[in-house]
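Numbering (the numbering used here), first residue to last: 1 to 164. Virtual Cβ for every residue (Gly too), placed ideally from N, Cα, C.
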């Protein structure tokens, strides 16, 4: 499979904004959230990905079509966090997600962390498979409280490292 990931630039921002709405809509079913009164969802992470040098926004592609997004924070720190990851429904189960993660972690070797919700069974299976694929048996999983959201169940975090 050819590259499916490219670093997003300012001209990609409107595309990522539309993908972000789909992503947040998908998550709303697991987080019991509703859109803001204007129909949008919280987008501070997306804005940070384009404005902050410690973030990297990626556009996932299937041929010449957008297939998802990935936001990485902590690119200059001791641990990178795959902060947001989304593949559109029509592109799922084709290997695009796994290939995208492989490409992204190869671009930023070192320690990685990924969070997801246990209620999202597809995400649970996907991220455990990703950890096995990129780190073998050298990964950990733990539950952490969601900051400033005691009403939500803890997130599950997977941690692994990739060689430089």
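C-alpha gap between residue i and residue j, whole angstroms
i: residue 19; j: residue 86; result: 8 Å
i: residue 71; j: residue 126; result: 17 Å
i: residue 101; j: residue 150; result: 30 Å
i: residue 121; j: residue 155; result: 13 Å
i: residue 23; j: residue 88; result: 8 Å
i: residue 162; j: residue 108; result: 9 Å
Local Cβ density within 10 Å of residue i, reported as buried at 16 or more and exposed below that
i: residue 57; result: buried
i: residue 7; result: exposed
i: residue 115; result: buried
i: residue 123; result: buried
i: residue 136; result: exposed
i: residue 67; result: buried
i: residue 51; result: exposed
i: residue 1; result: With a pLDDT of 49 at residue 1, under the threshold of 50, the modelled position of this residue cannot be trusted, and the question is left open.
Extent of the continuous beta strand (DSSP E) to which residue i belongs
i: residue 155; result: 155-162
8 Å Cβ cutoff met for residue i and residue j
i: residue 159; j: residue 113; result: yes
i: residue 4; j: residue 84; result: no
i: residue 144; j: residue 157; result: yes
i: residue 79; j: residue 111; result: yes
i: residue 46; j: residue 12; result: no
Cross-strand partners of residue i (DSSP beta bridge)
i: residue 90; result: Looking at the DSSP assignment, residue 90 forms no beta bridge with any residue, so it has no partner.
i: residue 57; result: 71
i: residue 82; result: 72, 114
i: residue 7; result: 58
i: residue 66; result: 61
Endpoints, alpha helix (DSSP H) assigned at residue i
i: residue 124; result: 121-135
i: residue 221; result: Examination of residue 221 is not possible in this model, given that the chain is present from 1 through 164 alone.
i: residue 46; result: 44-51
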